[in-house]
Amino acid sequence: MLPFCPNDFDDNNITKIAARAEESRQLARVHTLRAQDKDRRRYDSKHQMVSYTPGDLVWVYTPVRKVGLSEKLLRKYFGPYQVLRRLSAVTYAVQDFDPASRKKKTKRSCPCTAYETVP
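Okay, so the sequence shown: first residue is 107 according to this note's numbering, each after it adds one.
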């Protein structure tokens with residue numbers, strides 16, 4: 107990792123190498139934090155927070171993988187589901203919306219989109 111030559115075993119060289127390595131770590135940390143802040147500002151400028159109320163109909167994102175089939179041609183959204191309650195800022199308890207069915211399945215869901223739009 108650090109350059110080491112057994113013939114030049116000198117405390118002064120080791121101290122210089124360790125100081126240079128620490129300086130490189132600090133510089134990398136500063137650049138990483140700066141890049142994260144830039145990415146966060148770009149995301150926040152375009153992101154629109156979506157909120158659903160109990161009773162709203164939503165599509166639920168559920169990726170499906172099947173052997174031998176192209177993943178990009180498979181359905182990614184299923185539904186409609188009815189929002190029961192909000193569990194967190196992005197997580198909802200949803201229930202399968204089938205008026206004819208007596209059996210109700212409830213699940214937790216994060217990625218949703220409004221039912222009026224076609225996914």
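For every residue, glycine included, the Cβ atom is placed at its ideal position computed from N, Cα and C.
- DSSP places Val196 outside any beta strand (DSSP E), giving it a letter other than H or E.
- Only exposed fits Gly174, as fewer than 16 other CB atoms lie within 10 angstroms of its CB.
- The beta-carbon distance between Val164 and Thr219, rounded to whole angstroms, is 7 angstroms. This is short enough to meet the 8 angstroms contact definition.
- Using a Cβ-Cβ distance cut-off of 8 angstroms, the region 136-143 and the region 175-186 are not in contact, since fewer than three pairs of beta carbons, one from each stretch, lie closer than that value.
- Rounded to whole angstroms, the gap between the alpha carbons of Asp202 and Asp162 is 12 angstroms.
- Rounded to the nearest whole angstrom, the CA to CA distance from Ala125 to Leu133 is 12 angstroms.
- The criterion of a C-beta distance shorter than 7 angstroms is not satisfied by Pro186 and Tyr158.
- The Cβ neighbour count for Gln154, taken over all protein chains shown within 10 Å, is under 16; the residue is labelled exposed.
- Taking the CA atoms as reference points, Pro205 sits about 52 angstroms from Thr138.
- Note that the C-beta distance between Val200 and Phe184 is not below 7 angstroms.
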